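Q: Going by the UniProt record's numbering, the residue at position 31 of the sequence shown is 31; the numbering climbs one at a time, nothing skipped.
Before we start, here is the structure in question, set down as structure tokens.
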Amino acid sequence: MTTARVLIAYDGSADARTAIAEVARLLPGVKAVVLYARQPLEGLAAHLEGHRALEDLRGVEKASLDASERIAFEGAERARAAGLSAEPRVLSRMSTASEAIVQAAEEIDAALIVLGSRGRRGLWSAVLGSTSVNVLHHARRPTMVVPSEAVASARQRSSKPASEPVAPETPRPEMN
Numbered sequence: 001m002t003t004a005r006v007l008i009a010y011d012g013s014a015d016a017r018t019a020i021a022e023v024a025r026l027l028p029g030v031k032a033v034v035l036y037a038r039q040p041l042e043g044l045a046a047h048l049e050g051h052r053a054l055e056d057l058r059g060v061e062k063a064s065l066d067a068s069e070r071i072a073f074e075g076a077e078r079a080r081a082a083g084l085s086a087e088p089r090v091l092s093r094m095s096t097a098s099e100a101i102v103q104a105a106e107e108i109d110a111a112l113i114v115l116g117s118r119g120r121r122g123l124w125s126a127v128l129g130s131t132s133v134n135v136l137h138h139a140r141r142p143t144m145v146v147p148s149e150a151v152a153s154a155r156q157r158s159s160k161p162a163s164e165p166v167a168p169e170t171p172r173p174e175m176n
């Protein structure tokens with residue numbers, strides 16, 4: 001029995017849920033760390049030092065951390081229901097989600113990084129960036145990107161030809 005662990009990036013989206021299901025299908029019973037990577041509000045707080053709004057921000061930060069823990073716990077519960085041995089983890093770093101995922105994979109010595117793909121293209125991908133693409137480019141570990149069912153279906157539809165050419169009808173001999 002192997003003790004290798006899989007890191008599953010989880011944000012509660014349909015894409016992340018599909019990634020969990022795919023890991024359970026391909027690697028039944030594997031040990032998994034279900035990671036929610038969040039960005040703390042510390043950077044903003046530093047600019048507010050001494051301002052009365054800082055106390056409000058601390059309340060928002062605590063609520064954000066609580067929500068992050070709930071998301072990670074939900075992902076781990078979903079993974080356990082799918083047959084994986086899973087533990088939740090929240091990573092709060094002043095970095096991008098992709099950097100946090102790569103760092104967490106190194107910290108736990110993950111055998112595989114798994115994340116869902118939102119399937120953004122064109123301008124949206126350029127403007128918003130792509131966590132999956134960034135992880136693929138920076139990870140030193142095997143990485144699997146799983147499209148959600150909606151993304152996979154859309155890709156399937158777009159890869160089919162618009163219409164198949166229709167063969168001309170063969171003329172039938174006339175009957176007298």
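Even for Gly, the Cβ is constructed at its ideal location relative to N, Cα and C.
Predicted, not measured: the structure shown is a model, and the values here were computed from it.
Identify which residue in Glu99, Arg70, Leu84 has its Cα closest to the Cα of histidine 137.
A: The residue with the shortest Cα to Cα distance from histidine 137 is Glu99.
Q: Who are the Cβ neighbours of alanine 150 in its own chain at under 7 Å, not counting the five residues just before and after it?
A: If we look at alanine 150 and ignore the five residues flanking it on each side, its Cβ neighbours are Ala14.
Q: Measure the Cβ-Cβ separation of leucine 91 and alanine 79 and say whether it is below 8 Å.
A: Cβ atoms of leucine 91 and alanine 79: not closer than 8 Å.
Q: Please tell me whether arginine 70 and valine 33 are closer than 8 Å, where the distance is taken between their beta carbons.
A: No, the pair does not count as a contact, with Cβ atoms beyond the cut-off.
Q: Quick one: what's methionine 144 bridged to in DSSP?
A: Note: methionine 144 sits in a beta bridge opposite Val114.
Q: Report the rounded CA-to-CA distance for valine 6 versus glutamate 74, giving the unit in angstroms.
A: Near 17 Å, if we compare the C-alpha coordinates of glutamate 74 and valine 6.
Q: Beta-carbon within less than 7 Å of glutamate 22's beta-carbon, same chain only, minus the 5 sequence neighbours each way: which residues are those?
A: Excluding positions up to five away in sequence, the list reads Val146.
Q: Measure the alpha-carbon distance for serine 68 versus alanine 37 and round it to whole angstroms.
A: Between serine 68 and alanine 37, the C-alpha separation is close to 8 Å.
Q: Would glycine 116 and alanine 16 be called neighbours here (beta carbons separated by less than 8 Å)?
A: Yes, they are a contact pair.
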